[in-house]
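**Student:** Structure provided below as structure tokens; questions to follow.
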Amino acid sequence: MKKIVIIIAIVSCALTAQITTKSSDVFEELESGNLTLRFANAVNGKPVCGGIVSVETIGEYTTDEEGKIVFPPPAEDGVLRCSIRAEGYIPTEVPVEIMAGTLFFNRVSISPMMDIKFVRIVVDWDKEPRDLDAHFVKSGSTGYHISYRNMKVLSDGSGMLDIDAMQGYGPETITVKEVSTKSLYEYSIYDYTNQNKRNSTGLSDSKATVKVYGDGKLLKVFQVPRKKEGTVWKVFKIELGKVCEINQLTGS
Numbered sequence: 000m001k002k003i004v005i006i007i008a009i010v011s012c013a014l015t016a017q018i019t020t021k022s023s024d025v026f027e028e029l030e031s032g033n034l035t036l037r038f039a040n041a042v043n044g045k046p047v048c049g050g051i052v053s054v055e056t057i058g059e060y061t062t063d064e065e066g067k068i069v070f071p072p073p074a075e076d077g078v079l080r081c082s083i084r085a086e087g088y089i090p091t092e093v094p095v096e097i098m099a100g101t102l103f104f105n106r107v108s109i110s111p112m113m114d115i116k117f118v119r120i121v122v123d124w125d126k127e128p129r130d131l132d133a134h135f136v137k138s139g140s141t142g143y144h145i146s147y148r149n150m151k152v153l154s155d156g157s158g159m160l161d162i163d164a165m166q167g168y169g170p171e172t173i174t175v176k177e178v179s180t181k182s183l184y185e186y187s188i189y190d191y192t193n194q195n196k197r198n199s200t201g202l203s204d205s206k207a208t209v210k211v212y213g214d215g216k217l218l219k220v221f222q223v224p225r226k227k228e229g230t231v232w233k234v235f236k237i238e239l240g241k242v243c244e245i246n247q248l249t250g251s
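Terminal number for the sequence shown in numbering that gives the first Met the number 0: 251, no gaps in between.
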């Protein structure tokens, strides 16, 4: 059984409940015709209030106490650039996909400011599967494996799993204080919920999005391959200090 972890939260709003995509969003959107996009702190899952969000071709908005913005849909479906700037957070730009006049996915977790040497990896996903697990592995004699089984490592500095999300949505976040240019690192997502179903499409259908922060900025954004079978998403590796895409789903 997975362990429950107690963390010290960095509070970004007066609210204390972890941000979730609420069913009320759906009803509100049906009634108003507008779209809802929510932003969360990647370290503690709490809403990001007062952030300035720019949605390409649509306009600029400020996140409310629930970390959300509401905006009208574009005239045509497609992928828009969406950027957010908020005090104490790293500026983040992500693609926002509109399908059939609705948002394909409406959650974005962003990283608080951190030391320029740090690397932070954040995954968000939909309500299902309930439990996706992030794994960050360093190879070699000074290697380690950060996951829910080993949430803190100290072998070459320090790193930790900030949040182990087990109820869907995420964020599940790993922070590493130093990455060596002489070592190889790999990051993967495991579908713990469907681990015994090698042909499951649950992970592919999860709408999972991974953001990689380093050098004090957002470096990469990866989205899970769609309509594929597999319970392990091999997302990327870090080699010679560079983030290199893998983006493959496998059965193990």
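Note that CB positions come from ideal geometry on N, CA and C, so glycine has one too.
1) Measuring alpha carbon to alpha carbon, tell me which residue in 247, 34, 164 and 175 is nearest residue 57.
2) In the structure shown, what three-state DSSP assignment does residue 114 receive?
3) Based on the DSSP secondary-structure assignment, which residues constitute the bridge partners of residue 58?
4) Pick out the complete alpha helix (DSSP H) segments inside the region 59-105, 4 residues or longer, and give them in chain order.
5) Could you pull out every residue in the same chain whose Cβ sits closer than 7 Å to the Cβ of residue 87, ignoring the five residues on either side in sequence?
6) Using three-state DSSP, classify residue 205 as helix, strand or coil.
7) Between which residues of its own chain and residue 170 is the CB-CB distance below 7 Å, once the five residues before and five after are set aside?
8) Please state if the CB of residue 85 and the CB of residue 139 are separated by a distance shorter than 7 Å.
9) Compute the distance between the beta-carbons of residue 189 and residue 234, then report whether it is under 7 Å.
10) Does the region 228-244 come within contact of the region 193-207, defined as at least 3 CB pairs closer than 8 Å?
11) So if DSSP puts residue 119 in a beta bridge, which residue, or which two residues, is it bridged to?
12) Where do the ends of the beta strand (DSSP E) carrying residue 48 lie?
13) With respect to the beta strand (DSSP E) encompassing residue 130, which residues constitute its N-terminal and C-terminal limits?
14) Within 10 Å of its beta-carbon, does residue 172 have 16 or more other beta-carbons around it, so buried, or fewer, so exposed?
15) If residue 125 sits next to residue 167, beta carbons under 8 Å apart, how far is it from one beta carbon to the other, in whole angstroms?
**Tutor:** Let me lay it out:
1) 34
2) coil
3) 54
4) none
5) 111 and 112
6) helix
7) 39, 41, 44, 108, 121, 122, 123, 162 and 164
8) no
9) no
10) yes
11) 174 and 212
12) Careful: residue 48 lies outside any beta strand (DSSP E) and carries neither H nor E.
13) Run containing residue 130: none; DSSP gives neither H nor E here.
14) buried
15) 7 Å
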